[in-house]
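**Student:** Position 83 of the sequence shown, counted from 1, bears residue number 966 in our numbering, the numbering being contiguous throughout.
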Amino acid sequence: MVQCNLDRFEIVYNGASGASHGVFLPDYPEISQPEKRYETFSVPGRDGELISDDNSIGNITVKCTFAVIDKLFQKRIRDIKRWLRGTGKLSFSDSLETFYEVLIIDYNELERELRKYGQFSVTFTCYPYEFLKSGQKTFSTISFNPYDLCKPIYKIVGEGNYTLTTNGKTITANVGQNLTIDSRNMIAYREDGTLMNTAISGRYEDLWLPHGDTSISISGGQLSIIPQWGYKP
884 MVQCNLDRFE IVYNGASGAS HGVFLPDYPE ISQPEKRYET FSVPGRDGEL ISDDNSIGNI
944 TVKCTFAVID KLFQKRIRDI KRWLRGTGKL SFSDSLETFY EVLIIDYNEL ERELRKYGQF
1004 SVTFTCYPYE FLKSGQKTFS TISFNPYDLC KPIYKIVGEG NYTLTTNGKT ITANVGQNLT
1064 IDSRNMIAYR EDGTLMNTAI SGRYEDLWLP HGDTSISISG GQLSIIPQWG YKP
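1) In or out: Q1111 buried (at least 16 other Cβ within 10 Å) or exposed?
2) In whole angstroms, give me the CA-to-CA distance for T981 and P912.
3) With a 10 Å radius around its C-beta and 16 neighbouring C-beta atoms as the bar for buried, classify I1108 as buried or exposed.
4) I'd like to check one pair, T1055 with T1046: are the Cβ atoms closer than 8 Å?
5) Can you tell me whether DSSP reads F957 as helix, strand or coil?
6) Give the DSSP bridge partners of N1044, in chain order.
7) Ignoring anything shorter than 3 residues or poking outside the stretch 979-1030, list the beta strand (DSSP E) runs there in chain order.
8) If you draw a straight line from the C-alpha of Q916 to the C-alpha of S978, how long is it?
9) Could you check the C-alpha separation between S1098 and F1007 for me, to the nearest Å?
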């Protein structure tokens, strides 16, 4: 379990806190709002423009300014850069039950004010959703989504053609031993990583769960669900 000083605002990335790497946040992060994706069309002779909206949004950015105090300043900076790299899960000490999914990390220039003190900022580009850690658990069934719209992972074990029904909408799955359906990334695959998109007939969007009551059933095999629930920005 990650240990954080509750009297000081801290970052946690991939299970390691900022304090464990000798860095602290003098201020809260800046979290952007995602841009809504839409297209506009003009019609000759018609005032205004028509808007085509597919309800999708762009990524968000989380900008953090870090402060470092260390006699071995450059060594500490190298350690921090080894820690804050690649993709991963980003949390903050005031909401350790949630995380952001980091896609890209960008560093800005280091401002070194004294021999052993300096500041630098890091921008995390993240998927536009604040995930609940409890939503990464596996459930045999889900009858209510208490959070915002979520895009679950469905796992089916069995042999044959099955119908998966979610809130009255159906898809068919040709399962050979096992099949994982990732409705967020819109892919299907076996446990060994083999892509099985052709084993699915239907719309991935029909497997998403809105807030409120929900019903999920399958015509055969064994079904388990990772809801991936949380909050929209």
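Backbone N, C-alpha and C fix where the C-beta goes; we use that ideal spot for every residue, glycine too.
**Tutor:** Inspection of the coordinates gives the following:
1) The residue in question, Q1111, is buried, as its Cβ has 16 or more Cβ neighbours within 10 Å.
2) Cα to Cα, T981 sits roughly 15 Å from P912.
3) Per the 10 Å Cβ criterion, buried.
4) At the C-beta level, T1046 and T1055 come within 8 Å of one another.
5) According to the sequence as given, residue 957 is Gln; it is not Phe. It is helical.
6) In the DSSP assignment, N1044 forms a beta bridge with N1057.
7) Fully enclosed beta strand (DSSP E) runs of 3 or longer: 981-990, 994-997, 1000-1009 and 1013-1015.
8) When rounded, the distance between both Cα atoms is 18 Å.
9) Taking the CA atoms as reference points, S1098 sits about 36 Å from F1007.
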